Each structure stands twice: as C-alpha cells, then as structure tokens.
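Residue 162 in numbering that gives the first Met the number 0 sits at position 163 of the sequence shown; the count goes up by one each step and never skips.
Cβ coordinates follow ideal geometry from the N, Cα and C atoms, glycine included.
Since we're looking at a predicted model, the values are computed, not measured.
This report concerns only the one structure given below.
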Amino acid sequence: MQSIWNDIQKKFNSGDSYTKILYINIGVFFVYKALLVFSFLFQINNLNDFLINYLYFPSNTIEFLKKPWTIISYMFLHVSFMHILFNMIWFYFGSKLFLQYFNGKQLISVYIIGGISGALFYMLCYNLFPVFNTSFRNSLLLGASASVISIFIAVSTYVPNYRVSLPFFGNIQLKYIAFILIVLDIFNIEVSNPGGHISHLGGAIFGYIYIKLLNKGIDISVNYHNFINYFTRINKNKFKKVYKRKNTTDDDTYRTNRANKQKKINEILEKISKSGYESLSKSEKEILFKESKK
C-alpha cells in the first residue's frame, strides 16, 4: 500500500494541471465513499448528512454565507461512480483540446472560476424564478459538470471550426457540439435535475466570456493566479533568487524573440481554424504541445 501511495504522490506532483484536477476529483470521491462505508459499518447515521451540509453548495443564500467554502468543495464532489465517470470523460475530452491552445494555469482557472460561475448562476435562478419558491431552501448542488462544460465552451468559442471525429456522426465542428449541449441543458431544465442544468449554463456563460475577454487582451486567469499566489509568495520570496537581464540590448532581444514566438503561434492557430488540427506539420504540433505545458 505504501508503494502504491508513493506512486500516486509521484504522479500527482509530476503531472500537469489536467492530471492534478483529475486526481483531486478521484481522491475526493474515494474518501467520500470510504466515509460512507465506515458510517454504515459503525451505524453512524448522521455522517452523510454532515458531509452534505458542509460540502455541497446550497441554493439558499443564508446557508452559503455560513459555509462559503462550499462554492469550491462542491465542484470536486460526486456521489456515484457513473456521476464521476461521465464528468471525467468530458473533462478529459475538453482538457485535451483546451491544452492545445492554452496553458495549465488557464485550465485550472477556467475549471475553478467556471465552477464558481455555475454555482452563482444556480443560486441566482433558484432565488429568482417562482417555480423554485418551495424548493430553494433545500436544494443542493454538487459535481464538476459546470466546470467541465466551462472548459469545453471556452475552447469551442476559441476555435469554433475545429473538427472532432465522433462515432456514428463523423467529423463535427466544435461549435455545433457546444450548441447541442447548451440546447439540451435548456430543454431539460423542466424535465429533471433543474439545478444541475442551470449550473451548466452558468459555467458555459463564463467559458464564453473568458475567451471573448481573452481575444481583447484581458486574461482573467492571470488575476486569479496572482490572487492565489499572493498567499504563497511571501515565504518563497526570501528563498527566491532573482535573475536580471544585464542591459538594454538583452531586453530588446528578449522582446523580439517573444514577439516572433507569439507570431508563430498565432499563425498556427489561424491554420487550425481554417483547416483543422490535422493540417499541422509535426514541428507545428510540437510547438503547440510545448506551449500547453507551460
């Protein structure tokens, strides 16, 4: 067991952003299920209620203010194997596409902020629409689906004409898959699980807005990471060695190289938008792969 645990830790520490988020979701799921088995064996009847009250996101604003951490904890919590399986399949599909164009920090940001947006939109709708007047006090939200759809809508907005091959359907552009997902969520609000479908729409809205702002030069993920890193930077700064470029010539060279590199990436993205990912040469694919790892 110790060897298995060491392997998991090693893969988590050396893994990319996708791997870390995946491992956290799976880890939380196993811990949650283990606690339920423990409560069953020892007849601790209120343990599941305790976990629900302190980890799920509530639609009730007063309850949320008492437990503000639930806006993060809910997006890593799943109650059944099929629930986490389908969410992680979509997460894999969306993340692999996303990381072709963006870096790991942006993936984490869209996952977290997309999940937050889904939760807040869910809360807003449950407190706004009359149909939820009798259920909003007891309604709870959980799962990664709002975060996952936020990632998928983001990459679909960025490269809407990118084609993916689906069984029985052939090559389909991302914009059509995204459109179908949104329509299905809207139409299923009155059928079943309205809170879940509403949160999907909240996550999708953020994914779309994120890319539109990014195209204007505003990267929300930078501000998010600056906020998170602020709390860890204080201790790190005393050990951090700062390297400075020596003169103006070095600065000019640095800026020129960076501009040329960005120009090349833009050309590759334009080529993908027009002809698809498969039209890229091996060297162009390697450039995108290296950028996604940063």
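Taking C-beta to C-beta, are residue i and residue j nearer than 7 angstroms?
i, j, result
"His-196", "Asn-187", "yes"
"Gly-117", "His-77", "no"
"Ile-150", "Gly-103", "no"
"Arg-136", "Asn-52", "no"
"Ser-146", "Tyr-110", "yes"
"Tyr-161", "Leu-180", "no"
"Ile-83", "Phe-28", "yes"
"Asn-24", "Phe-63", "no"
"Tyr-157", "Ile-70", "no"
"Ser-72", "Leu-50", "no"
"Glu-290", "Ile-267", "no"
Counting along the chain, where does the beta strand (DSSP E) carrying residue i start and finish?
i, result
"Leu-200", "Looking at the DSSP string, Leu-200 is not in any beta strand (DSSP E); the run it does join, the alpha helix (DSSP H), is 193-214."
"Leu-165", "162-165"
Name the residue from the options whose alpha carbon lies nearest to the alpha carbon of residue i.
i, options, result
"Val-182", "Met-87, Asp-6, Tyr-22 and Ile-152", "Ile-152"
"Cys-124", "Gly-194, Thr-69 and Ser-149", "Gly-194"
"Leu-106", "Gly-169, Phe-168 and Val-154", "Val-154"
"Gly-201", "Asn-192, Phe-28, Glu-283 and Ser-144", "Ser-144"
"Phe-178", "Ile-210, Ile-148 and Ile-7", "Ile-148"
"Tyr-17", "Ile-61, Gln-99 and Pro-67", "Gln-99"
"Leu-21", "Tyr-31, Phe-90 and Pro-67", "Phe-90"
"Lys-263", "Ser-79, Asp-6 and Ile-286", "Ile-286"
"Asp-218", "Ser-138, Leu-119, Ile-112 and Ser-13", "Ile-112"
"Gly-345", "Asn-126, Phe-168, Ser-138 and Gln-8", "The question about residue 345 has no answer, for the chain in this structure spans 0 to 293."
Determine the extent of the alpha helix (DSSP H) in which residue i is found, giving its start and end residues.
i, result
"Gln-105", "103-127"
"Ala-33", "16-40"
"Ile-70", "69-72"
"Ser-149", "144-157"
"Asn-86", "80-97"
Would you mind sorting residue i into buried or exposed? The rule is 16 or more other CB atoms within 10 Å of its CB.
i, result
"Pro-57", "buried"
"Phe-101", "buried"
"Lys-10", "exposed"
"Ala-33", "exposed"
"Val-241", "Only weak support is given to the placement of Val-241: the predicted model assigns it a pLDDT of 45, under 50, and the question is left unresolved by the model."
"Asp-48", "exposed"
"Asn-246", "Legend: pLDDT at Asn-246 = 47, less than 50; position of this residue unreliable, value from coordinates given subsequently. The residue in question, Asn-246, is exposed, as its Cβ has fewer than 16 Cβ neighbours within 10 Å."
"Val-130", "exposed"
"Asp-184", "buried"
"Leu-140", "buried"
"Phe-128", "exposed"
"Ser-220", "buried"
"Ser-274", "exposed"
"Met-122", "buried"
"Gly-206", "buried"
"Leu-212", "exposed"
"Met-81", "exposed"
"Phe-97", "buried"
From the DSSP output, read off the bridge partner residues of residue i.
i, result
"Asn-170", "Ser-164"
"Leu-139", "Pro-57"
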